[in-house]
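Taking the UniProt record's numbering as reference, the numbering of the sequence shown is continuous, increasing by one, and the terminal residue is 287.
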Amino acid sequence: MAITLGVPGVDELGETAGVLREWQREGAPVQLHPGDLGWFRRFGAEATAAAVRTWSRDGRVLALGLLDGPGLLRLAVAPGARRDVELAGRLVEDLTGPERGVLPEGEACVETPGDALVRDLLAERGWLPDEPWTPLRRDLAGPVEDPGVRVEVVGPEGARVRAEVQRASFEGSTFTEERWRAMAAGSPYAEARCLVARDERDEAVAAVTVWSAGPGRPGLLEPMGVRPDHRGRGHGRAITLAAAAALRELGSSSAVVCTPSSNVGAVATYRSAGFRRLPESLDLRRP
1 MAITLGVPGV DELGETAGVL REWQREGAPV QLHPGDLGWF RRFGAEATAA AVRTWSRDGR
61 VLALGLLDGP GLLRLAVAPG ARRDVELAGR LVEDLTGPER GVLPEGEACV ETPGDALVRD
121 LLAERGWLPD EPWTPLRRDL AGPVEDPGVR VEVVGPEGAR VRAEVQRASF EGSTFTEERW
181 RAMAAGSPYA EARCLVARDE RDEAVAAVTV WSAGPGRPGL LEPMGVRPDH RGRGHGRAIT
241 LAAAAALREL GSSSAVVCTP SSNVGAVATY RSAGFRRLPE SLDLRRP
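See the structure below:
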């Protein structure tokens, strides 16, 4: 049967996250994670559903994309379909034709798994390498070191503090207590935790959200931040260790994170917390 392009409804978001959960495999290239959908859910269920695209054949989803910002599609492909010629051809058609409604006209980027055929075909069409990203992974077979600071799991009563740390850590962040609640209402958050680290004066200095994809599968850190006036004191390493420990408790086989390669400080922080640097990945940009 032919490949069909679809947009899930709000009531299908849980099923969509479940598809991504099944695609998370050890040893596979890092790609879109159910936690990415969970983090996007801060904008609400309707906005999340509107940002998702699926490509299916005979009722089975083979590729799934998240429009994660203006002109950026983050694309995941089923493990057994990454070299599927028919799927790759249809993806190229939908990504290169503005009339398809997947990507807007003008500047656009696509993030794909490094071994996906669609990546090769887009390059043949003249798409160019864009911003390099560094994925990092920490195996969770063994125990995780104590972070050395007090770390608390955030519930609804701590949402305001969690949001404050996020806004302080990321310039331009619009995260609020209300958006935390919208995120927490999504199905991916059932396998997630928000953590806040406090210093010796009991001030909230760093925060992270971790997302499990289920026992025996890689879990995700997204996002992690430290208040600017508290950087350089080991708080980033501490909250990253706490994140890895939380994912291990949730049954994750490993912890993964991806950061712009230009953010050398973040890369160094993750490596100091036992994360191993993986080969760089590059988005593709439409010329």
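In this text, a Cβ means the ideal position worked out from N, Cα and C, and glycines have one as well. These figures come from a predicted structure and were not determined experimentally.
Pairwise C-alpha distance: residue j and residue i
i: P135; j: H230; result: 25 Å
i: A78; j: L62; result: 5 Å
i: L128; j: L64; result: 22 Å
i: residue 292; j: P70; result: The first residue shown for the chain is 1 and the last is 287, placing residue 292 beyond what the model contains.
i: L103; j: L72; result: 8 Å
i: A49; j: R150; result: 37 Å
i: A243; j: G234; result: 14 Å
i: V208; j: A2; result: 42 Å
i: R198; j: T269; result: 18 Å
i: G44; j: L66; result: 14 Å
i: V161; j: A204; result: 7 Å
i: I239; j: G80; result: 35 Å
i: R83; j: D68; result: 24 Å
i: A185; j: S173; result: 20 Å
i: V85; j: L95; result: 15 Å
i: A123; j: R276; result: 29 Å
i: G142; j: R217; result: 15 Å
i: E22; j: E249; result: 20 Å
i: G97; j: D120; result: 17 Å
i: E222; j: R100; result: 30 Å
i: R271; j: E178; result: 33 Å
i: T259; j: V267; result: 7 Å
i: L278; j: R138; result: 10 Å
i: V153; j: R74; result: 29 Å
i: T16; j: W39; result: 14 Å
i: R60; j: G148; result: 46 Å
i: V196; j: A206; result: 6 Å
Span of the beta strand (DSSP E) around residue i
i: L67; result: 60 to 67
i: A76; result: 72 to 77
i: E107; result: Segment: none, E107 is in no beta strand (DSSP E) and carries neither H nor E.
i: L247; result: Looking at the DSSP string, L247 is not in any beta strand (DSSP E); the run it does join, the alpha helix (DSSP H), is 235 to 249.
i: A213; result: Careful: A213 lies outside any beta strand (DSSP E) and carries neither H nor E.
i: S281; result: 281 to 285
i: L140; result: First-last for L140: undefined, no H or E at that position.
i: T174; result: Premise fails: T174 is in no beta strand (DSSP E) and is neither H nor E.
Three-state secondary structure assigned by DSSP to residue i
i: residue 292; result: No answer is possible for residue 292: it lies beyond the span of the chain, which begins at 1 and ends at 287.
i: V102; result: coil
i: E86; result: helix
i: R193; result: strand
i: P147; result: coil
i: L117; result: helix
i: M183; result: helix
i: G219; result: strand
i: P188; result: helix
i: P132; result: strand
i: D94; result: helix
i: G225; result: strand
i: H2; result: A quick correction: the sequence has Ala, not His, at residue 2. The answer is coil: DSSP assigns A2 none of H, G, I, E or B.
i: V154; result: coil
i: A206; result: strand
Rounded Cβ spacing between residue i and residue j (contact assumed at less than 8 Å)
i: residue 288; j: L5; result: The structure shown does not extend to residue 288, since the chain spans only 1 to 287, so no value can be given for it.
i: L247; j: E145; result: Not quite, the Cβ-Cβ distance comes to about 14 Å (not below 8 Å), so this is no contact.
i: S212; j: S252; result: 5 Å
i: P287; j: G35; result: Going by Cβ atoms, the distance from P287 to G35 rounds to 32 Å, so no, they are not a contact pair.
i: R41; j: P188; result: 7 Å
i: A255; j: G219; result: 5 Å
i: W180; j: A159; result: 4 Å
The alpha helix (DSSP H) enclosing residue i, as first and last residue numbers
i: D36; result: 34 to 40
i: E22; result: 13 to 23
i: V256; result: Not the alpha helix (DSSP H): V256 falls in the beta strand (DSSP E), residues 254 to 260.
i: A273; result: Where A273 is concerned, there is no enclosing alpha helix (DSSP H), given that its DSSP letter is neither H nor E.
i: S169; result: 159 to 169
i: T48; result: 45 to 50
| Meets three-Cβ-pair contact criterion under 8 Å: the segment 177 to 195 and the segment 208 to 224 | Three or more pairs of CB atoms, one per stretch, sit closer than 8 Å, so the segment 177 to 195 contacts the segment 208 to 224.
| query | Are three or more beta carbon pairs between the segment 215 to 230 and the segment 166 to 178 nearer than 8 Å? | reply | yes
| task | Give a yes or no on contact between the segment 111 to 119 and the segment 28 to 37, applying the rule of three or more CB pairs nearer than 8 Å. | result | The segment 111 to 119 is in contact with the segment 28 to 37.
| Do the segment 75 to 91 and the segment 7 to 16 meet, that is, are 3 or more Cβ pairs less than 8 Å apart? | Fewer than three pairs of CB atoms, one per stretch, sit closer than 8 Å, so the segment 75 to 91 makes no contact with the segment 7 to 16.
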